[in-house]
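Below: the structure, in structure tokens.
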Amino acid sequence: ARDVSLQQQMLAISQVPYYSTPKIRQPIIEDVDALAAILGMPSNTKKGLRDKTIMSTLYDSAMRVEELVSLTVGSVCMDHEDVAIRIHGKGNKERTVVLDEKTSALVRQYAGEFHPEREPVAPFFYTVVGGMRKHMTTRNVQKLIKKYSDKARADYDIPESVSPHTFRRTRGTLLYRDGVDIEAVAVFLGHSDTKTTRDHYTSPSVQQLREIANRRTEAIPETEQLWPDDEDEMTRILGLD
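Counting along the sequence shown from 1, when you hit position 177 you're at 959 in this note's numbering, and nothing is skipped either side.
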């Protein structure tokens, strides 16, 4: 026989409303100098060039780390002055981003060092496993970003945890703060819905909050010199004692 009391308990539990915890926005790198320190941290070696190109491309394009590691040589178009990258994003949606002048120069230098043969299907960012070139893993990228962020943190105010997504969020948020239309930011990030962009990339800066706080406050009175509250002190000041 079924336990009726247990069924009643289960029914009561099922009617309890779900409690949804608010989503906490992960911090971005607010200080542009701190961001520049991270991106410029790799040494002037072949491996350093690779790491610098990975981080600069990741930030400049604001692509997801999964999109970065899946790039092939054929995904990167260097036929024009500014390098363009064809990205296959979520839902197999394709978008193209154009890199700025400095990142384009890094990508060209990297390609010259690591892909002189320009094999279109070869992984653009790779590691060598058993003598074979394999697509770099997301874990590899996470580790190198953590390494350089930890080094830069000694001199700059940098969030305790910096990941590839921190770069993406920082880039998107700073574009929005600079006045780029939210729809354009959404397209740049590969969002199918601007709600995602609004929910995660529209936090104001400290300076913007200060400017907001100082708007339309003319009704607030200025500070004035206060008279003493103590009656004896007032008498002394007025020379009435």
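Note that the Cβ used here is the ideal one computed from N, Cα and C, for glycine as well.
Note that this is a predicted model, so its numbers are computed, not measured.
Looking at the secondary structure, which residues open and close the alpha helix (DSSP H) in which residue i lies?
| i | result |
| --- | --- |
| residue 930 | 920 to 934 |
| residue 832 | 828 to 843 |
| residue 917 | Taken as a continuous stretch (DSSP letters only), residue 917 belongs to no alpha helix (DSSP H), being part of the beta strand (DSSP E) at 914 to 917. |
| residue 969 | 964 to 971 |
| residue 820 | 814 to 821 |
| residue 850 | 847 to 851 |
| residue 938 | Counting along the chain, residue 938 falls outside any alpha helix (DSSP H), and DSSP gives it neither H nor E. |
For the beta strand (DSSP E) holding residue i, just list the boundary residues, first then last.
| i | result |
| --- | --- |
| residue 866 | 866 to 870 |
| residue 909 | 908 to 911 |
| residue 900 | Per DSSP, residue 900 belongs to no beta strand (DSSP E) and is neither H nor E. |
| residue 880 | 876 to 880 |
If you check the beta carbons only, do residue i and residue j fall under 9 Å apart?
| i | j | result |
| --- | --- | --- |
| residue 865 | residue 881 | yes |
| residue 972 | residue 890 | no |
| residue 951 | residue 810 | yes |
| residue 968 | residue 978 | yes |
| residue 853 | residue 888 | no |
| residue 885 | residue 843 | yes |
| residue 962 | residue 949 | no |
| residue 819 | residue 934 | yes |
Suppose you measure from the CA of residue i to the CA of residue j; what does that come to, to the nearest Å?
| i | j | result |
| --- | --- | --- |
| residue 906 | residue 826 | 20 Å |
| residue 953 | residue 947 | 10 Å |
| residue 861 | residue 875 | 23 Å |
| residue 985 | residue 845 | 20 Å |
| residue 928 | residue 872 | 25 Å |
| residue 989 | residue 839 | 28 Å |
| residue 937 | residue 808 | 21 Å |
| residue 945 | residue 847 | 9 Å |
| residue 959 | residue 898 | 39 Å |
| residue 931 | residue 896 | 25 Å |
| residue 940 | residue 916 | 32 Å |
| residue 863 | residue 918 | 27 Å |
| residue 1005 | residue 822 | 47 Å |
| residue 814 | residue 914 | 38 Å |
| residue 894 | residue 910 | 18 Å |
| residue 964 | residue 812 | 19 Å |
| residue 974 | residue 851 | 22 Å |
| residue 982 | residue 976 | 10 Å |
| residue 923 | residue 883 | 23 Å |
Closest to residue i by C-alpha separation, out of the options, would be which residue?
| i | options | result |
| --- | --- | --- |
| residue 868 | 902, 888, 895 and 896 | 902 |
| residue 859 | 879, 815 and 850 | 879 |
| residue 921 | 887, 933, 913 and 908 | 908 |
| residue 849 | 829, 870 and 841 | 870 |
| residue 956 | 923, 820, 841 and 1006 | 841 |
Which residues in the same chain as residue i place their Cβ atom closer than 8 Å to its Cβ, once the five residues preceding and following it in sequence are excluded?
| i | result |
| --- | --- |
| residue 759 | Outside the shown range of the chain (783 to 1023) lies residue 759, about which nothing can therefore be said. |
| residue 816 | 934, 938, 939 and 940 |
| residue 1003 | none |
Excluding five sequence neighbours on each side, which residues of the same chain lie with their C-beta closer than 7 Å to the C-beta of residue i?
| i | result |
| --- | --- |
| residue 824 | 830, 833, 834 and 930 |
| residue 892 | 831, 832 and 835 |
| residue 1007 | none |
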